[in-house]
Each structure stands twice: as structure tokens, then as C-alpha cells.
Amino acid sequence: MDVKDHRPSGLPVTVPSTALFTDQYELTMLRAALRAGTAHRRSVFEVFTRRLPEGRRYGVVAGTGRVLDAVTNFRFEPEMLDFLDRQEVVDGPTLDWLADFRFTGTVRGYPEGEVYFPGSPILQVEGTFAECVVLETVVLSILNHDSAVAAAASRMAVAAVGRPLMEMGARRTHELSAVAAARAAYVGGFSATSDLAAGFRYGIPTVGTSAHAFTLLHDTERDAFTAQVDALGRGTTLLVDTYDVAEAVRAAVEIAGPELGAVRIDSGDLLVVAHQVRRQLDELGAHDTRIVVTSDLDEYAIASLAAAPVDSYGVGTQLVTGSGHPTCSMVYKLVARADGDGAGAPLRPVAKKSLGGKLSVGGVKWAARPVDERGIAEAEVIGTGEVPEEFSERLLGVELMRDGEPVGQEPLSAARDRHVRARGALPLSATQLSRGESVLPTRFLTPTS
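Below, the structure written as C-alpha cells:
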């Protein structure tokens, strides 16, 4: 399909305040903690998941860059404070604190595009209890959504075995989540998006030419093809399944010539039709004309087309909804806190001991992923305290924010490339689409082990 690459170095996009992207209980906890005198205790919150989505073998970290934007723009505007006051969610001292809120802490975590497993310390937010607790909802909202889409995208990229994938799911989800989904899909291995807002906001290459409506608008299919080629050039992509596919392919080549860029098939038995279309294109001399397929694809449908003469895939609904797993069930838990105020107050581990498998492990954690002699990962090793020398070269966490300011920012393509490397370092069974367990075991070490 026609691709336009929009990659400006800096996009003049104003990000709105994210301060009310939060659950009420974050602010009622803040109110009570301010009153009790515990709000300014140094604290560390951790994002992790207790399990991968059922049947999945690895997870993909996505949305980290959006989290940093959200934290940076977490500001309570006067009209927001008026709303909270009218609703009696907070009291006067809490309103005063919120009016001056700026996150001043530290964020560490797995870099975007990295893979994760049960218990992985995906993100750690350190600061006062007050400034960390109010971020819980927006952090989880972003990471759970984006990581779910990126994981689906990664599985589809594996199934596509190198053929380009195009994200086309904007019409199947909320208009804002569509932009985030396009970004996450790019991290997971997609090449382009049909969503112009995602192209504008994140510099993702954009694609798209024509739908069935354009063909139906014209008196004949030939008229539609002629109009499209006249406007967009011979390298355009013509949609050939509005009426009769064979007739459409013949007309497309007659009108555009052998320089026709591609034809798109959006219905029918794609495996059978793709073979028929390829044979016909070759007979007509259009040997370089590509075949694009769409039509409710998921990773399994893509894998079933591995032997078909398909050049690229357009994926919508299943991608932007996580292909059956729309969330990653990540949680944001307090894992360490000081007994008093002050930046230098020592931290001590804290953990919940809930029933039903909802335990958490206390302490500020590090994570490493040792590899064998072939460079293939063997385990996700997680510990607290000093890092054993044997793991010091394989640490996964990086600093993402310092004193409330993002550090080490990188282009989105860096996260995409990182994911390819991280997935490639997993055991081969990670690429199997069949249901399975986590491809790496998680090992928790105690400080003395």
C-alpha cells in the first residue's frame, strides 16, 4: 500500500493534563495520609504481573514512553481542583497540596520493547507516598493497554515471518486508544498504521488508499480504478474484491499496467484467492505487483497464510483488542517505605499477604536475565539487596526519570529494535503460537542466597 513516512524530530503536540486519569481512592488515601502525617514518607511502588495472560509465553513492555509523558503532564488545573472541591473528594489541605503537585521522584524499569515474565519488576516509582500513590491508575491504564497490544503484535510478527504488517484497527476501538494501539503495535513489530493521528503524534509510517465505498461510488469498477490511478499513480494499491476478483485483477493491470503497486483482498478464502490472484497477475505480466490481505486477521490466520503468495497483512480488530487478552493484569503495589519523613530515611520492605494468590513480594528489586553459551535466556532472576557479580552484566532495569524529569529518551524505533533482540534471545518455544506456559522460569533470590 502507499506509504508516507512522517518522522519529524519534534512534534508540536500539546499533551493535556493527565491528573484526573485516576481513581478516586488515590486522592482519598492522599487526604488521609496528609492528615495522619504519613504522606511524605519515602516509598517505592512497583508494577508487575503475577501471571501472563492464559496461554501466553512472554509479555512485551510497551507504553513506557507514554507513561513518562503522563507523569510529566500530571498537573491539577484550577477547574479540576474546583471539581474535586465540589464533589468533596478532598479537603482544603489536600487541595492546596494538589495545586502545587509536580512529580519529583525517580522512575526505573524495563526499557520499552523488552520482554517480561511473572514477577518481573516492570516499573518502579520512588518518591514520597503522596506523589507516587496518585500516579497508580494512569500508569496501569497505559501499561496494561499498550503491553497487551504489543504482545499481540509480537505474536503476529512471528507468524508473518518477515512480511510487513499494517495496523488498521482505529475503527474498532476508542479514538484515543486507537492512537496508543498503533504506537504499541509498532513497538511489537508492525511496520505502519492507517491512523493519521498516530503518524502525526509518533512519526509512525502511514498507509492507506481505498475502500469498497470508492468503487461503489463509480458507475463501473474500471472507472474507480482509473480515477484512483490517475490521482495516486500506478504504484497504488487497488481493492479487487468488491465484485468479481478475477475481473477486477484483469481491469487493474490493464489500467495501471505491470507497474501496478499492489492489489488488496479483503474477503473470501484468503489462501485460495491469494494463489489465484498471484497466478493471474503473473500471467498478465504484473510479476512485481504485490498482494495485500486484510479481513479479520489474527496471528493464527496469518500463520495459516505462511505458504500463500501474500506480501503483507493489514490487521485491525484482533490487534487493538490484544487478540483475546485486552489487558496484562499488571498491578502497582507498595513494596518498600520509610518509617519517617526525609529523603535519607532508610527503606524497609512491605508486602500484602492476601488470599487467593494475590500475594506481593516486598523490597526494592533488581532483575537479570542470564543466558547460556548460545546467548539464549535461561531464567528471569529477581532479587533484593546487592546484585551478585554473576548477574551484574545482565541487569534489565534502567533509569527512566530522575528528579521528576525523563532521562535517556529515545526514538520509538529503538524500542521496536530492542523488542526484536529481546524476543530473539528467548528459547525457540517462545515463538510457538500454541497455548503454553511462560517460556522462562522466574527465580526469586533472597539477599543472602
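Each step along the sequence shown adds one to the number in UniProt numbering, with nothing skipped, and position 16 is 16.
Glycine included, C-beta positions come from ideal geometry on N, C-alpha and C.
Check, Outcome
"DSSP three-state assignment for L123, whether helix, strand or coil", "strand"
"According to DSSP, residues forming a beta bridge with P441", "Beta-bridge pairing links P441 to no other residue."
"Classification of K353 by the beta-carbon crowding that lies within 10 angstroms, buried from 16 upward", "exposed"
"For D146, the first and last residue of its enclosing alpha helix (DSSP H)", "E136 to A160"
"Three-pair Cβ contact test at 8 Å for the segment 406-426 versus the segment 25-35", "no"
"Every unbroken alpha helix (DSSP H) within the segment 24-91, with a cutoff of 4 residues, ordered by chain", "24-36, 64-72 and 78-86"
"Short Cβ contact (8 Å threshold) for A256 with P309", "no"
"Ordered list of alpha helix (DSSP H) runs contained in the segment 293-323, each at least 4 residues", "299-304 and 317-320"
"Straight-line gap, T128 to N73 (C-alpha atoms, nearest Å)", "18 Å"
"Other residues of its chain near L81: CB distance less than 8 Å, five sequence neighbours each side excluded", "L95, L98 and A99"
"Nearest-angstrom beta carbon gap, F48 and E439 [assumed within contact, 8 Å]", "The question names Glu, but residue 439 is Val in the sequence shown. Contact doesn't hold; Cβ gap of about 18 Å is too wide."
"Buried or exposed (CB count within 10 angstroms, at least 16 for buried), T446", "exposed"
"Cβ distance (whole Å) where P406 is taken to contact L68 below 8 Å", "5 Å"
"Simplified DSSP state of D96, which is helix, strand or coil", "helix"
"Under 8 Å between C-beta atoms of M156 and E299", "yes"
"Neighbourhood of V158 by C-beta distance below 7 Å, restricted to the same chain and skipping five residues each side", "T431"
"4-residue-minimum alpha helix (DSSP H) runs that sit fully inside the segment 162-218, ordered along the chain", "175-188, 196-202 and 212-217"
"For D403, the first and last residue of its enclosing alpha helix (DSSP H)", "Counting along the chain, D403 falls outside any alpha helix (DSSP H), and DSSP gives it neither H nor E."
"Boundaries (first-last residue) of the alpha helix (DSSP H) holding E283", "L270 to E283"
"E126 burial status per 10 Å Cβ neighbour count (16 or more: buried)", "buried"
"Three-state class that DSSP yields for E380 in the structure shown", "strand"
"H40 burial status per 10 Å Cβ neighbour count (16 or more: buried)", "buried"
"Inter-residue Cα distance where the pair is A301 and A422", "25 Å"
"Assumed close pair L239, H212 - CB separation to whole angstroms, cut-off 8 Å", "6 Å"
"CB contact flag (G188, A224, <8 Å)", "no"
"Cβ-Cβ distance between A185 and L319 below 8 Å", "yes"
"Exposed unless 16 or more other CB atoms sit within 10 angstroms - verdict on P8", "Caution applies to P8, whose pLDDT of 39 falls short of 50 and renders its modelled position unreliable; the value that the coordinates give is listed next. Under this definition P8 is an exposed residue."
"Contact the segment 85-94 vs the segment 49-56: 3+ CB pairs below 8 Å", "no"
"Contacts around G261, its chain only, beta-carbon distance under 6 Å, and the 5 residues preceding and following it disregarded", "G235, T236 and T237"
"Beta-carbon proximity list for A19, same chain, < 7 Å, skipping 5 on both sides", "F74, R75, F76 and M80"
"Straight-line gap, G362 to G408 (C-alpha atoms, nearest Å)", "28 Å"
"Contacting residues, own chain, Cβ-Cβ under 7 Å from A227 (five flanking each side not counted)", "H218"
"Enclosing beta strand (DSSP E) for residue 453 [first to last residue]", "There is no way to answer for residue 453, as the model of the chain reaches only from 1 to 449."
"Reduced DSSP category for V229 - H, G, I as helix; E, B as strand; rest coil", "helix"
"Local Cβ density within 10 Å of Q124, reported as buried at 16 or more and exposed below that", "buried"
"7 Å Cβ shell around G375 - same chain, five flanking residues per side excluded", "A425"
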